[in-house]
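Novice:
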Amino acid sequence: VIRPAPDRAAALVEGIRAGDRRALARAITTVESTRADHREEAVVLLDELLGDTGRAVRIGISGPPGVGKSTFIEAFGLHLVDLDHRVAVLAVDPSSSRTGGSILGDKTRMEELGRHPDAFIRPTPGGGQLGGVARRTREAMLLCEAFGFDVVIVETIGVGQSEVAVADMVDLFVLLVNPGGGDELQGIKRGIMELADLVVVNKADGDLAAAAGRTAGDYANALHLMRPKWPEWTARALQCSALRGTGIDEVWAAIESFRTTVTADGSLERARAAQATAWMWSEVRDDLLDGFRSNHRVQALLPALEAEVAAGTTSPTAAARSLLEAFGSR
Ligand SMILES: Nc1nc2c(ncn2[C@@H]2O[C@H](COP(=O)(O)OP(=O)(O)OP(=O)(O)O)[C@@H](O)[C@H]2O)c(=O)[nH]1
Ligand SMILES: [Mg+2]
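Per our numbering, residue 9 is the first one in the sequence shown, and the count goes up by one each step.
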């Protein structure tokens with residue numbers, strides 16, 4: 009049953025279609041909210057706007073702390089708006105240790121981009137479960153696309169799990185690395201390297217220029233040995249200086265080449281279809297689990313059963329069975 013759109017959601021849809029940035033900001037706040045009425049509005053909003061989404065290049069950017077993500081996004085974003093693109097930047101930072109997320113924390117590094125009329129920077133809401141943060145970011149991404157941003161950048165803080173969540177919502181994943189030192193030295197997990205469609209060695213300037221060149225070569229070799237993610241695209245290693253703005257155009261050229269390749273052979277379309285289906289299942293899983301955890305019969309049994317499982321007096325299987333039976337009973 010399709011419920012009639014609440015007035016507020018309808019107004020936000022209209023605002024987004026009319027290019028009203030306040031409407032976009034409010035719509036993102038709505039999808040970020042966990043309030044039940046906001047969730048209802050979010051469903052209507054996203055459903056209404058679905059036809060206006062899908063036309064942006066979705067780029068994930070990650071890298072260890074201090075590698076220059078913020079500086080890079082500023083330079084890269086300004087390069088793109090110069091080319092008449094419209095750029096939205098979102099951040100995924102599930103760690104509550106960093107107040108306000110990376111973008112808010114160093115907004116000064118993206119000052120010019122943040123002020124640009126063709127750019128939109130949205131800090132992540134601090135803290136929260138990764139699943140929840142990822143869902144909000146994915147929805148915010150669609151809203152930005154519907155608004156007309158044709159490049160959406162999702163920045164993630166290199167802590168592990170969040171990279172996988174981001175890779176599942178973007179078209180290509182860019183890993184920024186420092187000159188010198190292999191992945192172990194830079195704290196990059198092997199699994200994250202495998203997600204990368206593009207490795208960019210930043211800080212290729214001054215004293216670090218030579219090391220950056222060697223590092224790019226090392227990564228190029230390493231990438232060739234990895235199982236390819238795409239039938240026709242092999243991950244590349246490039247270098248740039250976000251500080252000086254050199255090599256930024258090559259990064260964009262590589263992304264365009266990626267996009268041409270994966271569009272031509274249909275693999276992008278297939279990847280996006282698989283992402284959408286996986287997203288549906290993760291919504292189902294999250295909602296089921298929420299309903300399970302908030303069920304009063306489950307709650308009544310949970311403390312004792314958890315204690316028994318921890319103490320080894322009840323098996324995990326038997327405890328799960330009891331909880332599921334309590335959940336399913338009327
Ligand atoms: N030499 C040089 N320094 C750079 C470059 N890009 C960034 N830096 C410096 O590296 C430091 C960290 O840059 P940020 O852009 O804040 O790095 P980040 O990855 O966003 O850092 P976190 O948000 O803390 O993870 C700053 O002092 C920058 O000036 C570059 O291309 N060359
Ligand atoms: Mg930063």
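Note that the Cβ used here is the ideal one computed from N, Cα and C, for glycine as well.
Quick one: using the 10 Å Cβ neighbour count with 16 as the cut-off for buried, is E82 buried or exposed?
Specialist: buried
Novice: Taking 8 Å as the cut-off, is the beta-carbon of I196 closer than that to any non-hydrogen atom of ligand 1?
Specialist: Flag unset: Cβ of I196 not near ligand 1.
Novice: So, for L296: in the same chain, excluding its five sequence neighbours on each side, which residues have a beta-carbon less than 8 Å away from its beta-carbon?
Specialist: none
Novice: Under 8 Å: does the beta carbon of V182 sit that close to some heavy atom of ligand 1?
Specialist: no
Novice: Any idea if T107 is buried or exposed, counting beta-carbon neighbours within 10 angstroms, 16 or more meaning buried?
Specialist: Only weak support exists for where T107 lies, its pLDDT of 45 falling under 50; the value from the coordinates is given anyway. Answer is exposed; the Cβ neighbour count stays below 16.
Novice: Where do the ends of the beta strand (DSSP E) carrying A99 lie?
Specialist: Residues V95 to V100.
Novice: Can you tell me which of the three DSSP states T242 falls into?
Specialist: coil
Novice: Below 8 Å, is the gap between the Cβ of S189 and the nearest heavy atom of ligand 1?
Specialist: At residue 189 the sequence reads Gly, which differs from the Ser that was named. The answer is no for G189.
Novice: Might you give, ordered along the chain, the residues of its own chain that have their beta carbon closer than 6 Å to the beta carbon of T38, omitting 5 neighbours on each side?
Specialist: H46, E49 and A50
Novice: Taking all protein chains shown into account, do 16 or more other C-beta atoms lie within 10 angstroms of the C-beta of M118, making it buried, or fewer, making it exposed?
Specialist: Classification for M118: buried.
Novice: How is L231 classed by DSSP in three states: helix, strand or coil?
Specialist: helix
Novice: Could you tell me if the beta carbon of R146 falls within a distance shorter than 8 Å of some heavy atom in ligand 2?
Specialist: No, since every heavy atom of ligand 2 falls outside the 8 Å radius drawn around the Cβ of R146.
Novice: Nearest-angstrom Cα distance between S337 and V292?
Specialist: Cα-Cα distance, rounded: 20 Å.
Novice: Would A148 and A173 qualify as a contact pair, given that the criterion is a beta-carbon distance under 9 Å?
Specialist: no
Novice: Out of A326, K211 and A334, point me to the one whose CA is closest to F300's CA.
Specialist: A334
Novice: Determine the extent of the beta strand (DSSP E) in which F181 is found, giving its start and end residues.
Specialist: L180 to V185
Novice: Could you tell me which of D294, S290 and K237 sits nearest to R278, measuring between CA atoms?
Specialist: Among D294, S290 and K237, the Cα nearest to that of R278 is on K237.
Novice: Taking the beta strand (DSSP E) that I129 belongs to, which residues open and close that run?
Specialist: A127 to R130
Novice: Using 8 Å as the Cβ pair cut-off and three pairs as the minimum, do the segment 215-225 and the segment 181-200 touch?
Specialist: yes
Novice: Unbroken alpha helix (DSSP H) runs of length 4 or more, entirely within the segment 55-93: which are they?
Specialist: 77-90
Novice: Could you give the distance in angstroms between the alpha-carbon of L57 and the alpha-carbon of A328?
Specialist: 40 Å
Novice: Report the three-state DSSP secondary structure of T42 (helix, strand or coil).
Specialist: coil
Novice: For ligand 1, I want to know if D257 counts as a neighbour, meaning its beta carbon is within less than 8 Å of at least one of the ligand's heavy atoms.
Specialist: no
Novice: Of all the options A286, R144 and I67, which has the alpha carbon lying nearest to the alpha carbon of A262?
Specialist: I67
Novice: Nearest-angstrom Cα distance between L313 and P324?
Specialist: 9 Å
Novice: Going by the beta-carbon positions, is the gap between L203 and E171 smaller than 9 Å?
Specialist: A contact, by the Cβ cut-off of 9 Å.
Novice: Between A154 and the rest of its own chain, which residues show a CB-CB distance below 7 Å, the 5 nearest in sequence each way excluded?
Specialist: I24, L57, D60 and T61
Novice: Buried or exposed, going by whether 16 or more other CB atoms sit within 10 Å of the CB of M234?
Specialist: exposed
Novice: Look up I165 in the DSSP assignment and give the residues it is bridged to.
Specialist: G71
Novice: What did DSSP end up calling T321 once you bin it into helix, strand or coil?
Specialist: It is coil, neither helix nor strand.
Novice: Using a threshold of 8 Å, is the CB atom of R117 nearer than that to any non-hydrogen atom of ligand 2?
Specialist: yes
Novice: Excluding the 5 residues flanking S88 on each side, which residues of the same chain have their C-beta closer than 6 Å to its C-beta?
Specialist: The question names Ser, but residue 88 is Leu in the sequence shown. Answer for L88: V95 and V159, listed in chain order.
Novice: Relative to the C-alpha of N229, which candidate in A245, E240 and L180 has its C-alpha closest?
Specialist: A245
Novice: So, are the CB atoms of L183 and S70 less than 9 Å apart?
Specialist: Contact flag set, yes.
Novice: Under the three-state reduction of DSSP, which class applies to T37: helix, strand or coil?
Specialist: helix
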